[in-house]
Amino acid sequence: MNYHLSQLPERTAKPREQGFTMVMDKGLSVREVEDFLEVGAPYTDIVKLGWATSFVTPNLKRKLAAYKEAGIPVYFGGTLFEAFIIRNQFDDYRRLLEEYGMEYAEVSDGSIDLVHDKKLEYIRTLAQDVQVLSEVGSKDAEKIIPPYKWISQMKTELEAGAVKVIGEAREAGNVGLFRSTGEVRSGLVEEILTQIPFEKILWEAPQKAQQVWFIKLLGPNVNLGNIAPNEIVSLETIRLGLRGDTFTDFLDMDNVDEMFKPEVKPIGRPGTSMPRG
């Protein structure tokens, strides 16, 4: 950091299992990647090339090389995996991962109806070669998955070999974990957390209000994903309590100057009239 501030929450160091930040690249140029990495590399743990953007992105190998030079792994979005599966090209997908030197792969079924046992089979197979991130949830806003099913799928996918499970939200943050308004399905999240270790879950949370909600619930070292490249520094300040949304969340109020403590107004004393209203 550029200077010292006391009373900051402790952030885990890279490579980390908790406090993991996944950035979504929706089609950055090589030059844009280089500009992003200049400020964002210290706070980025992994980058997802959104959905199937890698298929149409020029200079893909140069872009991957830029991320690799910065020590940041990259993976193809789950929709690309589904595009290969629906075309019966799983072997081609495995060869693609090898050709581009991928260390991670995402297995999802947000756009296709995939028998869950078959999804587990894909996870087991891919886990022999790469680290698997397995996404749970649907991209269809009309398809509401009950909490018990989220929990069951997350458990079995971790057992099959996924290193983390991803809570689906899309790049807009308006399906899966969230209502169409972007509001968190808080009951769903809290129920998932009764059964699944929080360090094993990567919550897609592209909107600032969603990021704040998870940080307030689980602390600065919650795993968050689908973060826009130009929001990575902003997110780090939210994690550290250096933006208004979490400004006092990590302060020791006993050691805050008295003049800055919230004023507690009296509500009435014996022999005085009570305030109206």
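Residues in the sequence shown are numbered consecutively from 1, following UniProt numbering. All C-beta atoms, glycine included, are put in the ideal place defined by N, C-alpha and C.
Item to complete: Can you tell me which of the three DSSP states residue 256 falls into?
Response: Assigned with DSSP and collapsed to three states, residue 256 falls in coil, not helix or strand.
Discussion item. Starting from residue 78, trace the beta strand (DSSP E) in both directions and tell me its first and last residue.
Written reply: Run containing residue 78: none in the beta strand (DSSP E); it sits in the alpha helix (DSSP H), 78–86.
Worksheet item: How would you write the range of the alpha helix (DSSP H) that residue 168 sits in, first residue to last?
Response: Careful: residue 168 lies outside any alpha helix (DSSP H) and carries neither H nor E.
Discussion item. Taking the beta carbon of residue 239 as the centre, do at least 16 other beta carbons fall within 10 Å, making it buried, or is it exposed?
Written reply: By the neighbour-count rule (16 or more Cβ atoms within 10 Å), residue 239 is buried.
Discussion item. What does the Cβ neighbour count give for residue 209, buried or exposed, with the cut at 16 atoms within 10 Å?
Written reply: With fewer than 16 neighbouring CB atoms inside 10 Å of its own CB, residue 209 falls in the exposed class.
Worksheet entry | Boundaries of the alpha helix (DSSP H) in which residue 125 is found, first to last residue | In the DSSP assignment, residue 125 falls within the unbroken alpha helix (DSSP H) covering 116–126.
Item to complete: Let me know if residue 271 comes out buried or exposed under the rule of 16 or more other beta-carbons within 10 Å of its beta-carbon.
Response: Per-residue confidence for residue 271 stands at a pLDDT of 47, beneath the threshold of 50, marking its modelled position as unreliable; the derived number appears in the next sentence. Within a 10 Å sphere around the beta-carbon of residue 271 sit fewer than 16 other beta-carbons, which makes this residue exposed.
Item to complete: Go through its chain and collect everything with a Cβ distance to residue 257's Cβ below 7 Å, but skip five positions before and after it.
Response: The answer is none, since no qualifying residue turns up.
Fill in: CB of residue 177 within 8 Å of CB of residue 137, strictly
It is a contact, given that the beta carbons lie within the stated cut-off.
Discussion item. So the candidates are 125, 152, 100; which of them puts its Cα closest to the Cα of residue 192?
Written reply: Check the Cα spacing between residue 192 and each of 125, 152, 100: the tightest is with 152.
Worksheet entry | Residue(s) in a DSSP beta bridge with residue 113 | For residue 113, DSSP records no beta bridge to any residue.
Item to complete: State the CB to CB distance for the pair residue 119 and residue 130, rounded to an integer number of angstroms; the pair is presumed to be in contact (CB under 8 Å).
Response: Cβ atoms of residue 119 and residue 130 stay farther apart than 8 Å, at about 16 Å.
Discussion item. Am I right that residue 63 and residue 33 are in contact with their C-beta atoms under 8 Å? What's the rounded C-beta distance?
Written reply: Distance from residue 63 to residue 33 at the Cβ level is roughly 6 Å; contact confirmed, criterion being Cβ atoms closer than 8 Å.
Discussion item. Relative to the C-alpha of residue 53, which candidate in 38, 73, 67, 81 has its C-alpha closest?
Written reply: Cα-wise, what sits closest to residue 53 is 81.
Worksheet item: Which partner residues does residue 24 have in the DSSP bridge list?
Response: DSSP lists 48 as the beta-bridge partner residues of residue 24.
Worksheet item: For residue 70, which residues from the same chain have a beta carbon less than 6 Å from its beta carbon, with the 5 sequence-adjacent residues on both sides left out?
Response: The answer, listed in chain order, is 37, 41.
Worksheet item: When burial is assigned at 16 or more other CB atoms within 10 Å of the CB, is residue 247 buried or exposed?
Response: Exposed, because fewer than 16 other Cβ atoms sit within 10 Å of the Cβ of residue 247.
Fill in: Whole beta strand (DSSP E) elements within the stretch 175–256, 3-residue minimum
Assignment of beta strand (DSSP E) within the stretch 175–256, counting only whole runs of 3 or more residues, yields 201–204, 224–227 in chain order.
Worksheet item: By DSSP, does residue 100 sit in helix, in strand, or in coil?
Response: Coil.
Fill in: Test item: CB-CB of residue 164 and residue 215 under 8 Å
Taking C-beta atoms as the reference points, residue 164 and residue 215 fail to come closer than 8 Å.
Worksheet item: Under the DSSP definition of a beta bridge, which residues are partnered with residue 107?
Response: DSSP output for residue 107 lists 134 as bridge partner(s).
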